[in-house]
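Worksheet for the structure shown next.
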Ligand SMILES: Cc1cc2nc3c(=O)[nH]c(=O)nc-3n(C[C@H](O)[C@H](O)[C@H](O)COP(=O)(O)OP(=O)(O)OC[C@H]3O[C@@H](n4cnc5c(N)ncnc54)[C@H](O)[C@@H]3O)c2cc1C
Ligand SMILES: Cc1cc2nc3c(=O)[nH]c(=O)nc-3n(C[C@H](O)[C@H](O)[C@H](O)COP(=O)(O)OP(=O)(O)OC[C@H]3O[C@@H](n4cnc5c(N)ncnc54)[C@H](O)[C@@H]3O)c2cc1C
Ligand code: SF4
Ligand code: FES
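Chains as they are written, first to last, in this note's numbering: chain A, 21 to 292; chain B, 22 to 485.
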């Protein structure tokens, strides 16, 4: 059992939580993730490690469906049944001079430790945070604390520039030659478009893939992704990969395979 | 031998009935039945069955004790060599081990050693005979990585030798393949849980959610004072066919499919949070136990047509004979000498499998006739395909342990004392041999405990 030490909400959909988990905290690095089960009958869901504080692990999650909502019902002092990690490969911090991070929604959580690592390595770092509305742009303050530029986009224009993250990225890539690397983390469709844009402007790009996972130890193969016609297991080979040759359409299709069943879970949540 | 009675069949659930449930298929012997079958053993002076048992269970002895109504002693006799008799009685490939060698098999049918072992094992389990006093801790800490049969056997033996044993398991439940792979209808999960509880009673510490190599590295275990470490992390990484279309939705590896059903309890659909999506027509690729388990599980979940695609012939099927019979009784169609070459789909969901018809050629390195392509093809409509063609060790420990030598396919290399290239670190089971059997893994865990004990005694003799 893993104790919830602290918790706060960014908006009605996104929470931050600090969980006591010394075995996860000990070796965690940016890019690693955990798999948790909220209770004894729970499913195993992956969440990125957003930060480490001693023996405690920070997670930031969007209440998408059954399990993340169930997690959201837990409060400080409650416990989580299972919490295992750090899983996956730590993010590969490349030798770059000016990195621009592009985050869609809750993607700003996994992006933060990576961009910070670039900053600590001496690179210039900029970020574009995109959200549906003002409330969905999270961690703005945390980014402002170390980024050279913070750009905001919202679908409705309630904060920053109205539009998608790509609307902000395009002019930056066109005008600023110093930007030599892009990292995109967010919904697959967003990562796909950002990757196309980076390719068009001849910049290298890393993305963080989020296929459905079960064990997270390379055992089930559910998390397989195709990159340059080769199969990788995102849980042990990733989740971060160079974006250029990722088959994003396949990933979207594989993510959606259980849509109907996930919907059934949500109905169950409503009934309760 | 003229008046020899025929081998007594084990009572089973009817195929029509069991196709709708996950209850055990083989119901086992009653005491009377067990004794009747035991009478068939002629108590060989040089028992071939024992020679053919990977852990040398004293078979004629336990059978004799059973006949003498000395059931406690019969159990002890098995337990001496095999700490998991209820499990091995159910899942060992007896036809290629003890029963395959039984002298009676030459002229008639071999003694049903598996069913007898199961009977005595279950008796001992019901009477808690394994719950025996163990020595107090000698204060020497040892770590066991993985809670499959190799790890469990290793931990039990080391605890009995007095060591302070901790098992680290990556998943949220213990038992390895016994829990997440082999389905309930062959191995009810409460049997596995019971074995794990026995170890807990002996004072073995269990730590779940601990991925060695990630949560703690082998080096960190050493720093924490674990003086010897056993790696029994199994061969969990599924092999792929390497054909087009393998990543279409609806294509499962057997591990995913079985994990969803067993570990994550998808058989309670539609209530399970980790369901499994299955259509009417399901192909299963492979001919081993894993393939049979996947096919029979699919049938139980309601798939109408389940067929197995295997590239060799019937006699080459590596699965246990019982499971092949059971699968066929349950209506699973064996399509032999057929090798999948391509999967095609609509909207990225698999719809068809194209197979090449094979023929048999010269024997290959495994001694079986090599399947050869014929250039003739066939196509089947499917809703799902489950790939069960083998597993290899996952790379987590290898990638995170400096100086640990491994085979090109990922298996950990050990010396004749089961020590790896890292001092004090031993290994056994599937992670060393590649996917094998429960009994071999159990035996390897037990033998390694002996070598670790020697190693630790030497080490302490040197330092004291
Ligand atoms: C490596 C990795 C890191 C992630 N990091 C974060 C994070 O830091 N914060 C965050 O909010 N989300 C993160 N996710 C996504 C998160 O795991 C899913 O949102 C969550 O599992 C949804 O579960 P649910 O029951 O609440 O919703 P559901 O209604 O069941 O699913 C909603 C969507 O989540 C995805 N999903 C469902 N089950 C799984 C599963 N077992 N594994 C992966 N995806 C699944 C599916 O695409 C689905 O369409 C990450 C995913 C991966 C693979
Ligand atoms: C579906 C199926 C059916 C089978 N049927 C039969 C049968 O009928 N008869 C038979 O004899 N054999 C059968 N087998 C094979 C048999 O189950 C295996 O040979 C046996 O379980 C191997 O035991 P093991 O202890 O080496 O590994 P496993 O049982 O694989 O256990 C390894 C354990 O280590 C854990 N682990 C892995 N990596 C780490 C890590 N880094 N840190 C911590 N823990 C880790 C795993 O989660 C797992 O729990 C079957 C296998 C399968 C998959
Ligand atoms: S070989 Fe057969 S008959 Fe002989 S001791 Fe073994 S089980 Fe009995
Ligand atoms: S999540 Fe099971 S192999 Fe990656």
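Every residue gets a Cβ at the ideal spot worked out from N, C-alpha and C, and that includes glycine.
1. Considering Cα atoms alone, identify which of B/31, B/230, B/239 and B/375 is closest to residue 356 of chain B.
2. Please decide whether residue 268 of chain A counts as near chain B, where near means a Cβ-Cβ distance under 8 angstroms.
3. I'd like to confirm something about residue 459 of chain B: is its beta-carbon nearer than 7 angstroms to some heavy atom of ligand 2, or not?
4. Give the straight-line distance between the Cα atoms of residue 67 of chain B and residue 167 of chain B, rounded to the nearest whole angstrom.
5. Nearest CA to the CA of residue 437 of chain B: which residue from B/453, B/431 and B/30?
6. List the whole-angstrom C-beta distance separating residue 249 of chain B from residue 445 of chain B, where the pair is believed to meet the contact cut-off of C-beta under 8 angstroms.
7. Identify whether residue 27 of chain A lies in helix, strand or coil by the three-state DSSP scheme.
8. For residue 347 of chain B, name the three-state secondary structure that DSSP assigns.
9. Does the Cβ of residue 68 of chain A lie closer than 7 angstroms to at least one heavy atom of ligand 1?
10. Taking only beta-carbon atoms, is residue 105 of chain A less than 8 angstroms away from chain B?
11. Quick one: list the residues of chain A neighbouring residue 274 of chain B, beta-carbon separation under 7 angstroms, in chain order.
12. Whole angstroms is fine: what's the gap from residue 181 of chain A's alpha carbon to residue 191 of chain A's?
13. With 8 angstroms as the C-beta to C-beta threshold (strictly closer), list the residues of the stretch 167-199 of chain B near chain A in chain order.
14. Residue 86 of chain B CB to nearest chain A CB: under 8 angstroms?
15. Per DSSP, what are the beta-bridge partners of residue 229 of chain B in this structure?
16. Given a cut-off of 8 angstroms, decide if residue 171 of chain B and residue 450 of chain B are closer than it, judged by their beta-carbon atoms.
17. Residues in the same chain with beta-carbon distance under 6 angstroms from residue 439 of chain B, minus the five sequence neighbours each way, listed in chain order, please.
18. Within the present structure, is the beta-carbon of residue 119 of chain B separated from the nearest heavy atom of ligand 2 by less than 7 angstroms?
19. Does any CB atom of chain A fall closer than 8 angstroms to the CB of residue 403 of chain B?
20. So is residue 470 of chain B in contact with chain A if we call contact Cβ pairs under 8 angstroms?
21. Quick one: grab the DSSP three-state call for residue 157 of chain B.
22. Whose C-alpha, out of B/396, B/160 and B/479, is nearest the C-alpha of residue 359 of chain B?
23. Based on Cα-Cα distance, which residue from B/80, B/309, B/76 and B/57 lies nearest to residue 65 of chain B?
24. If you compare alpha carbons, which of B/97, B/144, B/114 and B/36 is closest to residue 50 of chain B?
25. Mind reading off the beta-carbon distance from residue 301 of chain B to residue 325 of chain B? Whole number of angstroms is fine, and I expect it under 8 angstroms.
26. Consult DSSP for residue 447 of chain B and reduce its assignment to one of helix, strand or coil.
27. Any Cβ of chain B within less than 8 angstroms of the Cβ of residue 57 of chain A?
28. Counting only C-beta atoms, is residue 422 of chain B closer than 8 angstroms to chain A at any point?
29. With 8 angstroms as the threshold, decide whether the Cβ of residue 99 of chain B is near any Cβ in chain A.
30. To the nearest angstrom, how far is the alpha carbon of residue 151 of chain B from that of residue 99 of chain B?
31. Report the three-state DSSP secondary structure of residue 35 of chain B (helix, strand or coil).
32. By the DSSP assignment, the beta strand (DSSP E) with residue 8 of chain B in it spans what residues?
33. Can you name, in chain order, every residue of its own chain whose Cβ lies under 6 angstroms from the Cβ of residue 38 of chain A, other than the five neighbours on each side?
34. When you compare each of B/403, B/441, B/411 and B/402 to residue 418 of chain B by their alpha carbons, which one comes out closest?
35. Flag residue 232 of chain B as yes if its beta-carbon sits less than 8 angstroms from any beta-carbon of chain A, otherwise no.
36. May I ask whether a heavy atom of ligand 1 can be found less than 7 angstroms away from the beta carbon of residue 473 of chain B?
The answer reads as follows:
1. Translated into positions along the second chain, residue 356 of chain B becomes position 335. The residue with the shortest Cα to Cα distance from residue 356 of chain B is B/375.
2. The count along the first chain starts at 1 and reaches residue 268 of chain A at position 248. Nearest CB-CB separation between residue 268 of chain A and chain B: not below the 8 angstroms threshold.
3. For this step, residue 459 of chain B is matched to residue 438 along the second chain. At least one heavy atom of ligand 2 is nearer than 7 angstroms to the Cβ of residue 459 of chain B, so yes.
4. As a working note, residue 67 of chain B is residue 46 in the second chain. As a working note, residue 167 of chain B is residue 146 in the second chain. Between residue 67 of chain B and residue 167 of chain B, the C-alpha separation is close to 37 angstroms.
5. For the purposes of this step, residue 437 of chain B is identified with residue 416 of the second chain, where counting begins at 1. The shortest C-alpha separation from residue 437 of chain B is found at B/453.
6. Indexing the second chain from 1 puts residue 249 of chain B at position 228. Indexing the second chain from 1 puts residue 445 of chain B at position 424. So it is a contact: roughly 5 angstroms between Cβ atoms.
7. Against the first chain, residue 27 of chain A aligns to sequence position 7. In this structure, residue 27 of chain A counts as strand in the three-state DSSP scheme.
8. Start at 1 with the first residue of the second chain, and residue 347 of chain B comes out as number 326. Residue 347 of chain B carries a helical assignment under DSSP once its states are collapsed to helix, strand and coil.
9. Taking the first residue of the first chain as 1, we reach residue 68 of chain A at position 48. It does: the Cβ of residue 68 of chain A is within 7 angstroms (strictly closer) of some heavy atom of ligand 1.
10. Sequence index remark: in the first chain, residue 105 of chain A carries index 85 (1-based). By this cut-off, residue 105 of chain A is an interface position.
11. As a working mapping, residue 274 of chain B is identified with position 253 in the second chain. Within chain A, the residues near residue 274 of chain B are 240 and 241.
12. Stepping through the first chain from its first residue, residue 181 of chain A is reached at position 161. Stepping through the first chain from its first residue, residue 191 of chain A is reached at position 171. Residue 181 of chain A and residue 191 of chain A: Cα-Cα distance of roughly 13 angstroms.
13. 191, 192 and 193
14. Working through the second chain from its first residue, we reach residue 86 of chain B at position 65. For residue 86 of chain B, the answer is no, since every Cβ of chain A falls outside 8 angstroms of its Cβ.
15. Working through the second chain from its first residue, we reach residue 229 of chain B at position 208. According to DSSP, which records beta bridges pairwise, residue 229 of chain B is partnered with nothing at all.
16. Indexing the second chain from 1 puts residue 450 of chain B at position 429. Indexing the second chain from 1 puts residue 171 of chain B at position 150. In contact: residue 450 of chain B and residue 171 of chain B (Cβ atoms closer than 8 angstroms).
17. For this step, residue 439 of chain B is matched to residue 418 along the second chain. Hits under 6 angstroms: 447, 449, 469 and 472.
18. As a first step, residue 119 of chain B must be located in the second chain, where it is residue number 98. Not under cutoff, so the answer is no.
19. Numbered from 1 along the second chain, position 382 holds the residue referred to as residue 403 of chain B. No, no contact with chain A.
20. Start at 1 with the first residue of the second chain, and residue 470 of chain B comes out as number 449. With its beta carbon at least 8 angstroms from every one in chain A, residue 470 of chain B lies outside the interface.
21. Mapped onto the second chain, residue 157 of chain B falls at position 136. Looking at residue 157 of chain B - three-state DSSP - the assignment turns out to be coil, as it is neither helix nor strand.
22. As a first step, residue 359 of chain B is located in the second chain; it is residue number 338 there, counting from the start. When only C-alpha atoms are compared, the closest one is B/396.
23. Residue 65 of chain B sits at position 44 when you count from the first residue of the second chain. The candidate whose alpha carbon is nearest that of residue 65 of chain B is B/80.
24. Indexing the second chain from 1 puts residue 50 of chain B at position 29. Checked all of B/97, B/144, B/114 and B/36; the closest Cα to residue 50 of chain B is B/144.
25. Within the second chain, the letter at position 280 stands for residue 301 of chain B. Within the second chain, the letter at position 304 stands for residue 325 of chain B. That pair is a contact at about 4 angstroms.
26. Position 426 of the second chain, counted from the start, is the residue given in the question as residue 447 of chain B. In this structure, residue 447 of chain B counts as strand in the three-state DSSP scheme.
27. For the purposes of this step, residue 57 of chain A is taken as residue 37 along the first chain, with counting starting at 1. Yes, residue 57 of chain A counts as interfacial toward chain B.
28. For the purposes of this step, residue 422 of chain B is taken as the residue at position 401 of the second chain. No, no contact with chain A.
29. Within the second chain, residue 99 of chain B is the residue found at index 78, counting from 1. By this cut-off, residue 99 of chain B is not an interface position.
30. Reading the second chain from its first residue, position 130 is the one you call residue 151 of chain B. Reading the second chain from its first residue, position 78 is the one you call residue 99 of chain B. Distance between the alpha carbons of residue 151 of chain B and residue 99 of chain B: 11 angstroms.
31. Taking the first residue of the second chain as position 1, residue 35 of chain B is located at position 14. DSSP places residue 35 of chain B in coil when its eight states are reduced to three.
32. In the structure as shown, chain B starts at 22 and stops at 485, and residue 8 of chain B therefore has no counterpart that could be examined.
33. The count along the first chain starts at 1 and reaches residue 38 of chain A at position 18. Correct list, in chain order: 25, 26, 76 and 78.
34. Within the second chain, residue 418 of chain B is the residue found at index 397, counting from 1. Among B/403, B/441, B/411 and B/402, the Cα nearest to that of residue 418 of chain B is on B/441.
35. On the second chain, position 211 is the one that residue 232 of chain B refers to. So, interface residue.
36. Here residue 473 of chain B refers to the residue found at position 452 of the second chain. Flag unset: Cβ of residue 473 of chain B not near ligand 1.
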